[in-house]
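J.: Can you keep this structure in mind? I'll have questions shortly.
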Amino acid sequence: MLRGRKFLKLIIMTVTMTVVLFLIPDCPQDKRLPEASGPTMGTTWHLTLAKGDTRTASEMVQSRLDALESMFTNWREDSAVSRFNASRTTEWQPVPRELAEVMIYAQRLSKETNGAFDVTVSPLIELWGFGVKKSTHSIPSDEAITTEMARVGWQKVEVKQDPPMLRKTQADVEINVAGLVEGYAVDDVVKRLRKAGHTDFLLDVGGELFAIGLKPDGTPWQVGVQQPDAEKGVVTGAVALQDKALSTSGTYQQFFEVNGKRYPHVLDARTGRPVTHSLVSVSVISDSCFEADSWTTALLILGLKEGKETATRLGIDALFIEEADAHPR
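Residue numbers for the sequence shown follow the numbering used here, beginning at 557 and rising by one.
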């Protein structure tokens with residue numbers, strides 16, 4: 557768990573390029589490791605095994621990710637999230653156990669960030685053109701933002717775990733859990749792979765990584781940070797992972813520009829608007845990919861000052877990357 561852990565590192569970097577994560581082949585044998593991949597949640601998953609056949613593992617991974625996607629996505633009308641959003645009632649509604657678990661942790665993040673992170677921002681995501689219903693981007697009016705903000709507030713959703721249920725205190729509230737569920741999915745699948753007897757592997761779902769055990773040569777998995785515009789394989793940094801998860805979120809991943817100003821898909825629920833600070837990326841290392849994924853999103857919303865204070869207070873191992881023209885303090 558992140559809470560109570562010793563704070564190991566908090567690094568501030570300045571960059572002009574965006575970053576991505578990938579497995580570094582330290583030796584020729586790494587290039588021949590068994591691999592599998594497939595689609596999920598609007599992105600892809602990748603599994604690298606230190607040994608063994610990927611066929612059975614691949615089938616299990618795809619099947620479980622398909623099941624989780626059917627619960628969490630806003631892009632399917634029959635998902636548990638979409639059904640909850642479509643309901644216009646303040647009565648308790650049964651939901652999958654997994655969704656209740658995600659919502660409980662989401663509410664913890666909302667408390668810890670004073671409401672900056674909030675899964676009820678779904679109406680604002682749609683308003684700014686980053687959601688399901690709207691394909692074009694434009695700057696909404698202050699009036700439109702104020703109207704949708706009336707539907708936002710993490711305290712407007714209540715959660716029960718046994719039995720798993722959700723309840724809206726305001727009937728038109730809607731949720732979007734995209735900032736949490738890839739990491740949750742990684743943890744879920746990792747548990748199943750371990751139960752199936754796999755002891756050494758690297759799982760990546762949309763850039764959310766969990767490294768279990770060691771590579772065949774007995775060394776930790778090496779995950780590199782690459783500048784996308786550089787030649788493939790040229791790295792700016794790397795981290796060795798063993799039984800650890802690594803997540804990265806960035807403002808560079810989805811955005812639109814108007815009159816030279818960039819509007820990222822990362823929204824601050826307190827303002828109803830995209831973040832305007834200088835951070836371009838936050839990475840977190842944790843024992844749980846669910847926690848790492850959740851906190852990269854939350855810290856990115858908070859920005860450098862609030863994010864650094866929060867990471868220090870909670871003992872989160874975090875890497876903050878700013879734009880080159882920023883002046884970190």
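Note that the Cβ used here is the ideal one computed from N, Cα and C, for glycine as well.
Return the CA-CA distance between G608 and T866, expressed in angstroms with no decimal places.
T.: If I take the Cα positions, the gap works out to 41 Å.
J.: Which residues mark the beginning and the end of the alpha helix (DSSP H) in which P719 is found?
T.: Neither: P719 is in no alpha helix (DSSP H) and is coded neither H nor E.
J.: Apart from the five residues on each side of it in sequence, which residues of its chain come closer than 8 Å, Cβ to Cβ, to T645?
T.: Excluding residues within five positions, the ones whose Cβ falls inside 8 Å are K724, A727.
J.: Mind listing, in chain order, the continuous alpha helix (DSSP H) runs of no fewer than 4 residues lying wholly within the stretch 597-667?
T.: Listed in chain order, they are 610-628, 636-642.
J.: Can you look up I695 in the DSSP assignment and give me helix, strand or coil?
T.: Coil at I695, not helix or strand.
J.: If you follow the beta strand (DSSP E) that P820 is in, where does it begin and where does it stop?
T.: Where P820 is concerned, the enclosing beta strand (DSSP E) stretches over 817-820.
J.: Compare the C-alpha of L665 against each of V779, H833, G594, V733 and name the closest.
T.: It is V733 whose Cα lies nearest to the Cα of L665.
J.: Taking only three categories from DSSP, how would you classify W777?
T.: If DSSP states are grouped into helix, strand and coil, W777 belongs with the strands.
J.: Check this for me: beta carbons of A606 and F846, under 8 Å apart or not?
T.: Cβ distance not < 8 Å, so A606 and F846 don't count as in contact.
J.: Do Q798 and L770 have their C-beta atoms within less than 8 Å of each other?
T.: Yes, the Cβ-Cβ distance between Q798 and L770 is below 8 Å.
J.: Starting from T859, follow the alpha helix (DSSP H) in both directions and report where the run begins and ends.
T.: Checking the sequence shown, residue 859 turns out to be Gly, not Thr. G859 -> alpha helix (DSSP H) spans 845-870.
J.: Can you give me the start and stop residues for the beta strand (DSSP E) that E879 sits inside?
T.: It spans 873-879 - the beta strand (DSSP E) in which E879 sits, taken as one unbroken run.
J.: For G871 and Q663, I'd like the C-alpha separation in whole angstroms.
T.: Distance between the alpha carbons of G871 and Q663: 19 Å.
J.: Secondary structure at S839, three-state DSSP: helix, strand or coil?
T.: DSSP places S839 in strand when its eight states are reduced to three.
J.: Across the stretch 669-680 and the stretch 738-745, are there enough close Cβ pairs to call them in contact, namely three or more that are closer than 8 Å?
T.: Touching, no.
J.: Looking at L603: is its Cβ nearer than 8 Å to the Cβ of E615?
T.: Not closer than 8 Å, so no.
J.: Quick one: residues in its chain with C-beta nearer than 6 Å to the C-beta of E704, no 5 flanking neighbours on either side, listed in chain order?
T.: Once the five neighbours on either side are set aside, the close Cβ partners of E704 are P679, L680, L683.
J.: DSSP on G594, reduced to helix/strand/coil?
T.: Residue state, collapsed to three classes: strand.
J.: With H, G and I counted as helix, E and B as strand and the rest as coil, what does DSSP make of R829?
T.: Note: R829 maps to strand in three-state DSSP.
J.: Can you grab the Cα-Cα spacing for the pair L823 / D843, in whole Å?
T.: Their backbone Cα atoms lie some 27 Å apart in a straight line.
J.: Strictly by DSSP, which residues pair up with K724?
T.: Note: K724 sits in a beta bridge opposite V713.
J.: Roughly how many angstroms separate the alpha carbons of S751 and R611, rounded to a whole number?
T.: Residue 751 is actually Lys in this sequence, not Ser. Cα to Cα, K751 sits roughly 16 Å from R611.
J.: Can you tell me whether G816 is buried or exposed, with buried defined as 16 or more other CB within 10 angstroms of its CB?
T.: Its Cβ having fewer than 16 others within 10 Å, G816 is exposed.
J.: Would you mind reading off the limits of the beta strand (DSSP E) that contains E813?
T.: From DSSP, the beta strand (DSSP E) with E813 extends over 811-814.
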